[in-house]
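Report on one structure; see the data block that follows.
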């Protein structure tokens, strides 16, 4: 059976023609790209610094958050999908519940730490604008209610909205996984219908002091579902077909995005495109996951799958290994990055965004995050060597 036919059979029926072989090991590409995304998120969470002007969202329609959610879906399929297949749905749900508990505790801990950092900054600088910068006014105006809303994920200050999104998406994973096992194509169609239905009906979850969750889970579940489909295909050993027209279309769309994002005004001179180009240059709909973002991250994913094989030598370079260390411990690094970014915002504001300070803050923050990834990788390897041997239950990274 040709690769194209096998790929089509997988999309339609969730099955692969070849017999199931050994389960794939950890995919270094996932860890490396996720590690890079975490560093980009740290830089972007300090608006106004010069390096933020050179991060991917300035040259395309998607950004690190889109890649992060897509990778979360891939990782969930490789880790928890395999558990469900081998040990049953109930066992998989129990393991997912443990991960959800860790994510929830991490989110609340970061929330409290950020509140403390902002309170300390306001006290030392006598500048109440830092409270508005993080949208943390409700915590100081009505602390008991703000804490209640935070505990129920109904209050998400700025920069503290990705973990709640992942909690919601991972909780949906068992249902998405069962759908993908039956028919990836049908699951994607239903997921897209939910996404577009939520946009049309303006459906979102509540968020204190805002119109809703910054990352609308009813929309972003589509990108997560795409990731689950990709992860499932790798789990079954499905090979992406060699479709030259699709390769060209993906590369062309990325080039088109660069032209649009870096141009001043309409670079094509087509009047009908003026409003759309103005919209994407100012900033596309991130809350409801604009279609341009989905096509962009899908094009990137396709080209990575096609032209960066899992065993590529570039994945073993020293820089790639450092990024992989960050990606393997993404929850810890993400939480540390959020706190460091908030501290960085205060430092940059207090030093009038001096260029040298901007570069120094970014360099120190990146170094700390890389060091954290290296330390956690060393600690994990040391603990694994000292622990009694036991069968591994997970195959891929399990989330942010």
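Residue numbers (our numbering): 3 to 402. Just so you know, even glycine gets a beta-carbon here, dropped at the ideal spot from N, CA and C.
Q. Which stretch, first to last residue, makes up the alpha helix (DSSP H) that contains residue 128?
A. No alpha helix (DSSP H) contains residue 128, which DSSP labels as neither H nor E.
Q | Start and end residues, alpha helix (DSSP H) containing residue 228 | A | 219-238
**Q.** Separation of residue 16 from residue 47, as counted between CA atoms
**A.** 39 angstroms
Q. Where does the unbroken alpha helix (DSSP H) through residue 204 begin, and where does it stop?
A. Premise fails: residue 204 is in no alpha helix (DSSP H) and is neither H nor E.
**Q.** From 239, 282, 373 and 288, residue whose alpha carbon lies closest to that of residue 330
**A.** 373
Q.
Given this structure, state the Cα-to-Cα distance separating residue 160 from residue 4, to the nearest angstrom.
A. 48 angstroms
**Q.** Pick from 348, 341 and 64 that is closest to residue 292, judged by C-alpha positions
**A.** 64
**Q.** Top-ranked residue by Cα proximity to residue 368, from 358, 348, 272 and 328
**A.** 328
Q | Through-space distance from residue 54 to residue 182, alpha-carbon basis | A | 37 angstroms
Q: With distances taken Cα to Cα, identify the nearest neighbour of residue 378 among 326, 356 and 366.
A: 326
Q: Pull up the CB-CB distance for residue 113 and residue 152, whole angstroms please, since I reckon it's below 8 angstroms.
A: 5 angstroms
Q: Could you tell me if residue 316 is buried or exposed, where buried requires 16 or more neighbouring beta carbons within 10 angstroms of its beta carbon?
A: exposed
Q. What separation, rounded to the nearest whole angstrom, lies between the Cα atoms of residue 323 and residue 35?
A. 11 angstroms
Q. To the nearest angstrom, how far is it from the Cα of residue 392 to the Cα of residue 381?
A. Legend: pLDDT at residue 392 = 44, less than 50; position of this residue unreliable, value from coordinates given subsequently. Straight-line Cα distance between these residues: approximately 18 angstroms.
Q. Does the count of Cβ pairs from the segment 97-108 and the segment 167-176 closer than 8 angstroms reach three?
A. yes
Q) With burial defined as no fewer than 16 other Cβ atoms inside 10 Å of the residue's Cβ, what is the status of residue 405: buried or exposed? A) Since the first residue of the chain shown is 3 and the last is 402, residue 405 is not available in this structure.
**Q.** From 244, 240, 131 and 278, residue whose alpha carbon lies closest to that of residue 14
**A.** 240
Q. How is the alpha helix (DSSP H) around residue 15 delimited, first residue to last?
A. 5-15
Q. DSSP state of residue 212, grouped into three classes?
A. strand
Q) Pairing CB atoms from the segment 187-201 with CB atoms from the segment 227-246, are three or more of them under 8 angstroms? A) yes
Q: Measure how close the beta-carbons of residue 441 and residue 62 come, nearest whole angstrom, since I'm counting them as under 8 angstroms.
A: Residue 441 cannot be examined here, being either before or after the span of the chain that is shown, 3 to 402.
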